[in-house]
Structure formats: C-alpha cells, structure tokens
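Novice: Protein chains in written order, with our numbering: chain A, 521 to 931; chain B, 521 to 931. This is the structure I want to talk about, given as structure tokens.
Structure follows, in structure tokens:
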C-alpha cells in the first residue's frame, strides 16, 4: 500500500516553521507496512492543493494532507478537497456544537471566523480534535482514502495515532511495505557498512545506513505479503542483533539516553555528572527521559577553572599542573561528581569544543571522558571533527555509549 | 523569481534522515528575494526525478535538487537531469583528477564505483565540493537554472552559499520576493497578533506569526521591484521594532541565547546557573554560543534534594520547610550559584517537569525562576502546559527572557 503526504502552508515554504510532520508520518507509516511514495509542500493556494490531491489520489492508495484546516482565509484544505472531489461543503450541527463547547469551556466567545471550521465535506467522516478547533476528515473515494489532518504536531499526532493508523493497519495487506530501524553506537558508518556486508546480501529486506552524530541507524525495508514481510524483518533483525551485539542498543523510537536510564534503574545505580566541554548537554539528554529523577542525582557544568575548583572541590594546583583538558582532570571530575553528589557512578567530560584551540594549545575536538563506578575509573581520549555543536553532541553521545557498555548486562 | 526545491532519497521518505535542507534553503532563498513555490521529496527513481525536474523547470525560474550525486546505484540525479534535458553524460578529466586527489589526500584508494561521479552533463558547469566526493552542477536551459547539489548538509550548505546564492542574488531583479524574520519573546502569540493588528493593515509586506516555545517569530514578506521591496521591508521592520521593543530581541539567524551572551560580554557581567527542572538545558543553550567561556562560569544541575544541599550548600531544614519547588528555593538557588561560582549574576530554576505532579503535590508545569545580580533578587512564578520536553524548553527560554530584560540597555 502506498501513501502520498501533502503539507500545506506558506510558512513551510519560507522556512518559518520546520516541517517535523514529514519525518514523523513517514516513520510511523513505514512501521505499519505503508510505503510513502512522495512528500510535497504546497503553498496556500486552492488550485495548487486541489491539483496535487487529484494527482496523488491517482498514484497512491492513501493521501494524507496536513495543515490548512484553521479559521483564516489562507486555510484552504477543506475547500480544495471539496473542489477536487466535486463535493459540497455543508455546515454540520454536531461540529458546530463541538466548536462552541471548545470555546465555552475556555471561557471565550467564539470568533465569527471559526464558524467555517464546522463545514463538512459531503460523505466525509469528521475526525475529532480534542486539542484544537480544527476537526480532521476522512473521505473515501474510488477505493482510495483521503485524510485531512491539522498542521500543529500536538494536534496532528494524536489524531493520526487514534483515528488514522488503526484504520490503515487494518487495510495494509498485499503489497505490504515494512520499515524497521535498528540503532547502533560506538562504531563508524564505514565499519558498520563493512560488518553488515559480511552478513550477506541485502535484497529483501534491503538495508540502508545513516550516521547521526556518534550513532549509526540501520533501516530494514521489506516488501511483499504481510506475514512473509513480518517474518523477513524479524529474521533480519535477529541476525543483526546477534552480529552487532556490542553496538546495537535499540530500535525505532528508542534513544540511547532512555536505554541507559532503564539499565541504571534496573540495576539500582545512581548517576552524577561533571561536564565541561559538553556544557550541560548530557544532563539535558538524561533529564529528557521521564523518570530520570529516580537515578539522576545531578550534574555540574564546570566551564571555568574556578567552577572546577569551587563546585567539584578539585585542587587548583592539581588543575594547573594537569591542565583543564587532560585525562587526569577527567578522572578527577568523574570521581568528584560521584562523591560530591553521593552517586554510585560518576562521569567526567572535559575537552575543547571550539571554535579555537584552548589556552594551553590543545586541539579543537580533543575530549577526555572518564567513568568512575567506585570499583574502577576508566578514561577515553577522543578526537572529534566538526563545529562546536557537533563536538558537544559527539562528546555527550560517547559518554552515553561508555555508560551503556558499563551498565548493560553481560551477554 | 520563483524556485522549486526537489529532494531525492528514499531515506527521507522513510524518515531515517530528517530533511533539514528544506528549511535551510527556503529561509536562505526567501532572504535573497526568491520565492519557494514548492518542495518535493522524491524516491530514488530516475523517471520520477526526471518528470519532477521537467515540471518544475516549466513552473519556476530556478530548480534546486539535493541528493543523489553519490557513487551508488540509487544515486540517480545526474542521470535523471541528463535524461530530462536530453543531454549526454561525458567523463570529465578535471573532475576525475579532483576525485583522485580527494582519495589520495586521505591515503585511500578510489573505489571503482566513484568513477561515475566524474561524469558531467554536456554544457553544465561543475560546482566544486571540497568537503566530499560529489561535485555539484549548474545547468542553464531555456532561461531557467537547474542546480544539482549534494544531500549531506555539511557539503550542501557551503556549496549553496559559495556558488548558488551569489549567482541568484545577481539575477533576482523584477518579481523580487523578500522574507525577513523578526523574533520576539515574553508575550504570547495572540497578544502579539493583537499588537501588530493595531499597527495597521499588513498587505505588502504581509505578516505571519509562528510560536516556538516561549518565543513568537514574525515573518514579513514583500513582493515587487527590488529597491521598493527592500524599502518596504526596512520600513515595516523599523515600525515593528519600535512598537515591540520590550519583546523583539533579534532577527533571522539570531538566537536569544546568543543575544543575551553578547549583552553579558559587553556589560562585563558573568553568569552562574542552578537548574533543577530544566535539567541542564539552559547551560546547553548558553554553551552553544561561541565565546560563552568568556562570561559563563558554570552551572549546577540539582536534580535531587541531596544535590541542592551538597553542590549549592543549601540548608536541608530550609529545603524541607520551603519544598524543592518554591519561590524561596529558586531565590536561594540563584544566590548560591552566584556566590559559589563567583559570578555577577546567578539564575535559579526549579519546577515540576512531569510526567507527574511532584512529591509535595505541586502541579505539573509549575516553575519558579529567580535572578540574583547582587543588587536585587527577583523571582517569577510560571505555569507551563505540555510534555516534559516542552516544559524544559519553556523554562529555559523564560529564564533567558528574564536575563535579557535584566541586562539589555535601557531604551
């Protein structure tokens, strides 16, 4: 089954708003057996939107349009769909009630402009939007499905998960196209490419690789009958998991921070950080995981010698002898964080994020990462290329990778 | 002048790779007077790419294609362009030399597959790519311009800036379409909409608004002759700057963190942070700014009572009496961070990021932010809606907004 994705909104064409719906919908559809044939971003123009709908309804089984369901004059998706399908738009009493209730509940009067959101295309099924005023719609036409969804991700995503995906899952049978992503860390893209090549040919499922900072994501794609495809993907995943067990940490929506967090909670460990060049990014990644307060004691972002001295209690003479960026400083930071914040594991990161070499002449991209888990302190020296943000991301991901290796169960 | 953007690559259609090129190119073109008419993401299919090129060359003056210039079998952009334009692909001696040198310099042997990257479309101008093996190309055809650029942003962006944009700037004359973004913080989207409505009608330039966390970005768009359009945008920017001076902090590629950093450096201030619910995100945002080590002393991510006690030196009895999330705790955190890290300004953030209410029953999204600049400690109580990541972003942005107001020169 094939799908076309159409995104309306001039603000996407000027780059005012990033089109995060494209990646989200593509990943979710691929995981449900539906192949995205094309994505298009269209201006707020009735003729252009209607023409694109018509073409997509010819070429694909499912067409999903996001955006353009609001109350303003440049919201034209409903009108374009009616025009394209030669159907009428009619005011709907139930939709009007829902709209009125939405405003009432918030103690607001409904603006006149919003009345047009209660217009419904003949023969369509409205899709409820509890998070906003724009109802969605499903229209069946000549065996094809046209979905109109709101543009804001916080409204679009729940509607897609609750009303669109279950319906599509039920229909995707023959010509099933399944995508699964496996996520690796701790080895480069070319090493990984060589490793998977040794496992044999990758035709069905096919295999693609993409580097994301220190991680490499593998994507399996298989096509055919539902049961056969699911089996192909499962067998290939199993083969990759076994061959790449030192690198493969998760799949699809997993993040390394979430996987590490789960392992820390399961093993009853607690974590403290001392970050220099990563500047708080590692703490930010860990505290994005719901429940991180169960194991994360806290972190110190020591961006100056004075901060390393005052907040970590490191000795100024020691720091001046070893330098702010050195193996021994990283080790001392890890241990000081662990002791100071009473955790079972301490991590220390120090390096040169750029844009220039540091005061002691150490090169841009040089980073030391140390882990202290009471029994043992280990440290790695890394050299990262790239701009400031890239060095920060790689340093934080490398630290997570070392943590993952330290806390995951022996295999 | 109008442009179509075509992005090739099945990995964009499965969501393995995010299409960051779309936003980047759209913003840069809009700032140079060129209107993006449509964006399309196409599969690695020669016929599909060639058909899209043909259509776009009819409808727009400029067509930019990214991706598909690599050495593998599914890199088909060069071939599709040759097919679409009915021109020959010929091996080019200079391109072959450049390729051979690229590998030589890295001590590698050139794989056989890469030879096809030295194929050049008859009558095209190759565009050098010092950062990778895929050369770009410019093809003029019937008064239209077709650019082929590599897919990876780190190769695409410099080629676009150096070879594409200067050429387009020289040509964009009549039918000039200029976009300018102005960035506001500290007021909501609907308040801002009301404020700009009071300033009069917005036809040319037109005005769009988009909320980004606590910020609202305004976008001006004007169309017409070059000089007239530039004047229209300048006059409108000036009017908005004056009317919104308490909210408007920057434009286009400015970030609030960078603006605050510049003000701190100019005024000779130094900064220390104590973050709880924002979990290091504010430190991360500040350390993304090059040169932040000149004013940023460091931060403490106090995610547990023990951390607030140990690293900030706060009194346990005080914390237990006031609660981890309270105005007085935020104030104490700001002051402790400032004193402990010897800075002139301290910021304290404490709140409930979710997913649940905190142990003391305080509601999800309640955040206290305090600033201590020696003379004065102020604190604000905020209530944010949204998931964990949203609350973190809003808390960090709100703190930056308070900092901006404290350090910017009186107007």
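Glycine is no exception: its CB is placed at the ideal position from the N, C-alpha and C atoms. Since the structure is predicted, the reported quantities are computational estimates derived from the model, not experimental observations.
Could you run through the segment 802–833 of chain B and flag, in chain order, every residue whose CB is less than 7 Å away from some CB of chain A?
Specialist: Answer set for the segment 802–833 of chain B: 803, 804, 807, 808, 810, 813, 816, 817, 818, 819, 820, 821, 822, 823, 824, 826, 827, 830, 831.
Novice: If we define contact as Cβ-Cβ less than 7 Å, is residue 559 of chain A a contact residue for chain B?
Specialist: Interface residue, yes.
Novice: What residues match up with residue 816 of chain A in a beta bridge as DSSP calls it?
Specialist: Partner(s): A/791.
Novice: For the pair the segment 695–704 of chain A and the segment 740–752 of chain A, tell me if three or more CB-CB distances fall below 8 Å.
Specialist: At 8 Å Cβ cutoff, the stretches touch.
Novice: Give the C-beta separation of residue 564 of chain A and residue 529 of chain A to the nearest angstrom, bearing in mind that I take them to be a contact with Cβ-Cβ under 8 Å.
Specialist: Their Cβ separation, rounded to whole angstroms, is 7 Å, which keeps residue 564 of chain A and residue 529 of chain A in contact under 8 Å.
Novice: Between residue 534 of chain A and chain B, is the shortest Cβ-Cβ distance under 7 Å, so that the two count as touching?
Specialist: Residue 534 of chain A counts as touching chain B.
Novice: Among A/665, A/620, A/618, A/780, which has the Cα closest to the Cα of residue 524 of chain A?
Specialist: Residue A/665 is the option with its Cα nearest to residue 524 of chain A.
Novice: Compare the C-beta of residue 531 of chain A against all C-beta atoms of chain B and say whether one is closer than 7 Å.
Specialist: Yes, residue 531 of chain A lies at the interface with chain B (some Cβ there is under 7 Å from its Cβ).
Novice: For the segment 535–547 of chain A, enumerate the residues whose C-beta is nearer than 9 Å to any C-beta of chain B, in chain order.
Specialist: Listed by position along the chain: 535, 536, 537, 538, 539, 540, 542, 543, 544, 545, 546, 547.
Novice: Closer than 7 Å, Cβ to any Cβ of chain A: which residues of the segment 668–690 of chain B, in chain order?
Specialist: So nothing in the stretch comes that close.
Novice: Could you name the residues of the segment 880–896 of chain A whose beta carbon sits closer than 9 Å to any beta carbon of chain B, in the order they occur along the chain?
Specialist: Listed in sequence order: no entries.
Novice: Leaving out five residues on either side along the sequence, give the residues of the same chain with a beta carbon under 8 Å from the beta carbon of residue 726 of chain B.
Specialist: The answer, listed in chain order, is 740, 741, 742.
Novice: Between the segment 818–826 of chain B and the segment 805–825 of chain A, are three or more C-beta pairs nearer than 8 Å?
Specialist: Flag = yes, the segment 818–826 of chain B and the segment 805–825 of chain A touch.
Novice: Which residue from A/800, A/738, A/836 puts its Cα closest to that of residue 770 of chain A?
Specialist: Out of A/800, A/738, A/836, A/738 has the C-alpha closest to the C-alpha of residue 770 of chain A.
Novice: Please report the residue range of the beta strand (DSSP E) in which residue 654 of chain A lies.
Specialist: Counting along the chain, residue 654 of chain A falls outside any beta strand (DSSP E), and DSSP gives it neither H nor E.
Novice: With a threshold of 8 Å on Cβ separation, who are the neighbours of residue 704 of chain B within its own chain once the five nearest residues in sequence on each side are excluded?
Specialist: Closer than 8 Å at Cβ, skipping near neighbours: 712, 735, 736, 737, 738, 764, 767, 768, 769.
Novice: Under 7 Å Cβ to Cβ from residue 541 of chain B, same chain only, skipping five residues before and after it: list those, please.
Specialist: The residues are 527, 586, 673, 676.
Novice: Evaluate contact between the segment 887–899 of chain A and the segment 856–866 of chain A, counting only Cβ atoms and requiring at least three cross-stretch pairs below 8 Å.
Specialist: Touching, per the Cβ criterion.
Novice: Span of the beta strand (DSSP E) holding residue 645 of chain B?
Specialist: 645–647 is the span of the beta strand (DSSP E), which, as asked, contains residue 645 of chain B.
Novice: Are any of the Cβ atoms in chain B nearer than 7 Å to that of residue 699 of chain A?
Specialist: Chain B, which has a Cβ nearer than 7 Å to the Cβ of residue 699 of chain A, makes this yes.
Novice: Under a three-way DSSP split, which group does residue 616 of chain A fall into?
Specialist: Correct three-state label for residue 616 of chain A: helix.
Novice: Whole beta strand (DSSP E) runs in the segment 741–817 of chain B with 3 or more residues, listed along the chain?
Specialist: Here the runs fully enclosed are 768–771, 791–795.
Novice: Suppose the cutoff is 6 Å on Cβ atoms and the five residues either side in sequence are ignored; what does the same chain contact list for residue 577 of chain B look like?
Specialist: Excluding positions up to five away in sequence, the list reads 583, 664.
Novice: Hey, residue 597 of chain B and residue 589 of chain B are a contact pair by Cβ (cut 8 Å); roughly how many whole angstroms apart?
Specialist: Going by Cβ atoms, the distance from residue 597 of chain B to residue 589 of chain B rounds to 6 Å, so yes, they are a contact pair.
Novice: Can you confirm whether the segment 620–631 of chain A touches the segment 640–647 of chain A when touching is taken to mean that 3 or more C-beta pairs between the two stretches lie within less than 8 Å?
Specialist: No, they do not touch.
Novice: Taking the alpha helix (DSSP H) that residue 913 of chain A belongs to, which residues open and close that run?
Specialist: That run of the alpha helix (DSSP H) goes 908–927.
Novice: Work out the CA separation of residue 907 of chain A and residue 873 of chain A for me, nearest whole Å.
Specialist: C-alpha separation (whole angstroms): 8 Å.
Novice: According to DSSP, is residue 902 of chain A helix, strand or coil?
Specialist: Strand at residue 902 of chain A.
Novice: Hey, is residue 631 of chain A's beta-carbon within less than 7 Å of any beta-carbon in chain B?
Specialist: Output row for residue 631 of chain A: interface = no.
Novice: Would you say residue 725 of chain B reaches chain A, if we count a Cβ-Cβ gap shorter than 7 Å as a contact?
Specialist: It does not: the Cβ of residue 725 of chain B has no partner Cβ on chain A nearer than 7 Å.
Novice: Please confirm whether residue 622 of chain B and residue 592 of chain B have their CB atoms less than 7 Å apart.
Specialist: No. Outside cutoff.
Novice: Do the segment 803–816 of chain A and the segment 824–842 of chain A touch if we need at least three Cβ pairs shorter than 8 Å?
Specialist: Output reads no: the segment 824–842 of chain A does not touch the segment 803–816 of chain A.
Novice: According to DSSP, is residue 636 of chain B part of a helix, a strand, or is it coil?
Specialist: Looking at residue 636 of chain B - three-state DSSP - the assignment turns out to be helix.
Novice: Could you tell me the alpha carbon to alpha carbon distance between residue 729 of chain A and residue 550 of chain A, rounded to whole angstroms?
Specialist: Each residue's Cα considered, the two are about 16 Å apart.
Novice: Quick check: is the beta carbon of residue 860 of chain A nearer than 7 Å to any beta carbon in chain B?
Specialist: Yes, its Cβ sits closer than 7 Å to a Cβ of chain B.
Novice: List, in chain order, every chain B residue whose beta-carbon is nearer than 7 Å to that of residue 737 of chain A.
Specialist: Chain B residues near residue 737 of chain A: 536.
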